[in-house]
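Under the working numbering, the sequence shown is numbered contiguously, ending at residue 1561.
Note sheet for the following structure.
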Amino acid sequence: MFNGFFYNIDYTEDVKEEFLRNGKQTLPNDKISNIANNIQGDNCSIIVINRILYWMRNNLKYENNNSIKFKRTASQIINSGIYTGCSDFALLFETIAREKGIPTIHLQTVRKRFVEDLQNGIQTATKGHHFCECCMNNKWILIDPLGDKILQDYNNKDFNLGQYFVFSKSTDIFETGIKCVKENNDVIRDLFLKFNTKNFHRANVDIEITRE
């Protein structure tokens, strides 16, 4: 359910059902389904999210490999046992969460400092982070899967996350048209080269997310 870059989700009751569905990149396989089935707890409990994150921290290994980043499905990630960064971690988390009956949205963000450098003509590596929104007890909360953070005091109408700007909300990354590192970097640079960041609200400006 990708409405376009910089567009928010219409948070109606129906949208919960929409984000229980997986896209092509987040279709579960038997291994993912088994993991979800073995995680105990009510799908309205934060404990379930913590247990998903705990399982992922203890069963996945990091590999710095940009050649496969953004290209793989959740099934390929779980079968390999390897994640290449926050994008893989978020993709697998949301797939397991949906299998547990938790509506989950994929968020793509860019580092605010990178945008400042970009607009000032300073060449630096593209910096971003991937988050998820989960609906728990009829409230949408922010999850930083790789950072192992759950933020319940969160305004989902605000695209300003303190150190980050949200530019996409979707079912998964493939849905946005991005399928490799180059496409990701090109999209971010095209979106933010001349974008007026003052258009972002500031309700979440004090959120403590400090990952680089």
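Glycine included, each C-beta is placed from N, C-alpha and C at the ideal position.
Check                                                                                                                                                                           : Outcome
May I ask you to report which of helix, strand or coil DSSP gives Arg1460?                                                                                                      : strand
Alpha carbon to alpha carbon, how far is Tyr1432 from Asp1507? Give it in angstroms, no decimals.                                                                               : 29 Å
Assign Ser1519 to one of three DSSP states: helix, strand, or coil.                                                                                                             : strand
May I ask which residues mark the beginning and end of the alpha helix (DSSP H) holding Lys1380?                                                                                : 1379-1387
Helix, strand or coil: which one does DSSP assign to Thr1453?                                                                                                                   : strand
By DSSP, does Lys1410 sit in helix, in strand, or in coil?                                                                                                                      : strand
At what residues does the beta strand (DSSP E) containing Ile1490 begin and finish?                                                                                             : 1488-1493
Leaving aside the five residues before and after Ile1451 along the sequence, list all residues of the same chain whose C-beta is less than 6 Å from its C-beta, in chain order. : Asn1392, Cys1483
On the DSSP bridge assignment, give the partners of Gly1477 in chain order.                                                                                                     : Val1459
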